[in-house]
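Enquirer: I'd like to ask some things about the structure below.
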Amino acid sequence: MFKPKAIYFEKDIVNYPLGKELMEKYKDIPKVEIENHNNIEEMRKNPNSEFANMKRNLIIGIRKTHKFVENHKTSDYLVPYTSSGCTAACMYCYLVCNYNKCAYLRLFVNREQMLEKIIKTAEKSEKELTFEIGSNSDLVLENTITNNLVWTIENFKDTKKGKLTFPTKFDMVDPILPLNHKGKITIRMSVNPEEIINKVEFGTSRLTGRIEAINKLKEAGYNIGILIAPVILVNNWKELYKQLIQRLSQELSEKVKKDAFFEIIFMTYSYVHTKINEEAFPNSINLYNKDIMTGRGRGKYWYKSQVRNEAEVFLREQMNKYFPNNKIEYIV
Ligand code: SF4
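Counting in this note's numbering, the sequence shown runs from 1 upward without gaps.
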C-alpha cells in the first residue's frame, strides 16, 4: 500500500467529496499547500537524482483542462481523467515529459465533472464512442488510493451510450471484479518479458501477477486487450519476446485467448529520459542504443526503420504461431 511522504494540495480540494475524503485518509501525513498542481516550484528545482524520491509524494488538485483529443487506435478520444503521473518508475515512461514537472502522481478530485463530460459527449454522438481514460496515468494503481475505478464503473454502467477503456501494468484488480460493468469496459494489460519488467519497469506488478489479473478480469466479463509494450530491443530481445509470447499462450485462459486483441508498440526514448535515468538510477541498464536508434526531432529517439521492420516481422511470426486467431490492432 502506497504511503505518501507528503501531500501537496490545492486548498479548494476540500470543496469536493473526494478531496475531503483524501484529506481525512491522510490526516497524519505532512501537508504542503500549493497554488497550482501544474507548477510546484520546489519540485521543479529538484535535481534529477531526486526523481524516485519525488514520486513518494502525492499531489492533490482540481483538473482545469478537460480537452478531449481525437484518437484513432483503440478509442475515439483520449480523455484527461482523474489522475496524471504514477508512483512507479518505468524508465521509458512517456509521462516523464518535462524533467520534474509531471512524473509524480497527481490526483484530481473533480471526478463528477470529468465523468459527466464523457457521458454527455457519448449521449450526444450518433456513433458509439469509446473513451480512453487511462492515457495520463495508471487507473488500477490509482484505484488503490482513491477507489476511483470502482466509482467510475458504477457511475458509468447505466449510461445509454459509450464505452471506456484504459491500459494498466498493475494486478490489483480484485475491487473491480464483482462490479456489474455491463460489458462497457475494455481493460488493456501491458506486458513485457519478466527480465525487462525487473530491469526497467520499477514499481509495477510482475508478469505472473499481470497474467493472473487478465484471466480474472476475463472471468469477470471484461473485454480484454493485451499490449506488448513497449518492445525494447535489448541484446537478447528475440529470445525474450519469443518466450513472452509462448508463456502468454500457455498461461492465459482459453476464454482470454478466444477473443483478446493485441497492440504492439515499440519503445520511443528521449534525451530527457537519458538524463533523468543516469542520475536517478545510476546502476540500471541504458536503454539508449545509438547503433539501432535514430533521432525523430525534439530530443526524441526511436528505432531505425530497418531494425524496427525486422523486429515487426519477427513479432508477427511469433504471434501467428501462438495466437493465430487473435487480432493485432496495430504495430507502431
Ligand atoms: S506504470 Fe505507466 S504511468 Fe507508471 S511509470 Fe510505468 S509507464 Fe509510466
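For glycine and all other residues, C-beta sits at the position ideal for the given N, C-alpha and C. A quick note: this is a predicted structure, and the numbers were derived from the prediction, not measured.
Please classify K182: does DSSP put it in a helix, a strand, or coil?
Expert: Reduced to three states, the DSSP call for K182 is coil.
Enquirer: Can you give the beta carbon distance from Y8 to I34, rounded, assuming they're within the 8 Å contact cut?
Expert: Their Cβ separation, rounded to whole angstroms, is 5 Å, which keeps Y8 and I34 in contact under 8 Å.
Enquirer: Taking DSSP as the reference, what is the three-state secondary structure of G61?
Expert: The answer is strand: DSSP assigns G61 an E or B state.
Enquirer: Relative to the C-alpha of L240, which residue among N48, E219, N198 and N215 is closest?
Expert: Answer by Cα proximity: N198.
Enquirer: Report the rounded CA-to-CA distance for Y26 versus K290, giving the unit in angstroms.
Expert: The alpha-carbon atoms of Y26 and K290 are separated by roughly 45 Å.
Enquirer: In three-state terms, what does DSSP make of N223?
Expert: The answer is strand: DSSP assigns N223 an E or B state.
Enquirer: Starting from the Cα of I196, find the closest Cα among L244, Y222 and I145 and give me that residue.
Expert: It is L244 whose Cα lies nearest to the Cα of I196.
Enquirer: Taking L105 and V150 to be in contact with their CB atoms under 8 Å, please state how far apart those CB atoms are, rounded to whole angstroms.
Expert: In fact, because the Cβ distance is near 18 Å, the residues do not count as touching under 8 Å.
Enquirer: Note down the Cα distance separating V307 from I292, rounded to an integer number of angstroms.
Expert: V307 and I292: Cα-Cα distance of roughly 7 Å.
Enquirer: Which residues bound the alpha helix (DSSP H) around T146?
Expert: It spans L139 to T146 - the alpha helix (DSSP H) in which T146 sits, taken as one unbroken run.
Enquirer: Should K218 and A260 be called a contact, given that it needs their Cβ atoms to be closer than 9 Å?
Expert: Yes, the Cβ-Cβ distance between K218 and A260 is below 9 Å.
Enquirer: In the region 161-213, which residue ranges form an unbroken beta strand (DSSP E) of at least 3 residues, counting only runs that do not cross its ends?
Expert: Runs found: 163-168 and 185-191.
Enquirer: Hey, F68 and T121: beta-carbon distance below 9 Å or not?
Expert: The answer is yes: Cβ separation under 9 Å.
Enquirer: Where do the N-terminal and C-terminal ends of the beta strand (DSSP E) with Y330 fall, by residue?
Expert: Note, Y330: beta strand (DSSP E), I328 to I331.
Enquirer: What do you reckon, is the C-beta of T146 under 8 Å from a heavy atom of ligand 1?
Expert: Because no heavy atom of ligand 1 lies under 8 Å away, the Cβ of T146 does not count as near it: no.
Enquirer: Compare the beta carbon distance of F2 and I60 with 9 Å and say whether it is the shorter of the two.
Expert: In this structure, I60 does not lie closer than 9 Å to F2 by Cβ.
Enquirer: Using C-beta distances below 7 Å, list every residue in its chain close to N110, excluding the 5 sequence neighbours before and after it, in chain order.
Expert: Answer for N110: Y16, I62 and R63, listed in chain order.
Enquirer: Helix, strand or coil: how does DSSP classify A89 here?
Expert: Three-state result, A89: strand.
Enquirer: Please classify G19: does DSSP put it in a helix, a strand, or coil?
Expert: Three-state DSSP puts G19 in a helix.
Enquirer: Straight-line CA distance for W237 to S49?
Expert: Computed Cα separation, rounded: 29 Å.
Enquirer: Per DSSP, what kind of secondary structure is R106 in: helix, strand or coil?
Expert: In the structure shown, R106 sits in a strand (DSSP, three-state: E or B).
Enquirer: What's the C-alpha gap between V231 and M189?
Expert: For V231 and M189, the distance between alpha carbons rounds to 14 Å.
Enquirer: Applying the criterion that 16 or more other CB atoms from any shown protein chain within 10 Å of the CB defines a buried residue, is H72 buried or exposed?
Expert: H72 comes out exposed.
Enquirer: Is it true that the region 141-148 meets the region 83-95, where meeting means three or more beta-carbon pairs spaced less than 8 Å apart?
Expert: A contact exists between the region 141-148 and the region 83-95.
Enquirer: To the nearest whole angstrom, what separates the beta carbons of L287 and Y269, a pair I think is in contact under 8 Å?
Expert: Confirmed, about 6 Å.
Enquirer: Would DSSP call S305 helix, strand or coil?
Expert: In the structure shown, S305 sits in a helix (DSSP, three-state: H, G or I).
Enquirer: Whole angstroms are fine: how far does the CA of D28 sit from the CA of A6?
Expert: One C-alpha to the other measures close to 10 Å.
Enquirer: Measure the C-alpha to C-alpha separation of Y77 and E116 and round it to an integer number of angstroms.
Expert: Spanning the two alpha carbons is a distance of roughly 15 Å.
Enquirer: Can you name, in chain order, every residue of its own chain whose Cβ lies under 8 Å from the Cβ of P30, other than the five neighbours on each side?
Expert: If we look at P30 and ignore the five residues flanking it on each side, its Cβ neighbours are K5, A6 and I7.
Enquirer: Can you look up M43 in the DSSP assignment and give me helix, strand or coil?
Expert: In the structure shown, M43 sits in a helix (DSSP, three-state: H, G or I).
Enquirer: DSSP three-state label for S253, please.
Expert: Here S253 sits in coil by DSSP.
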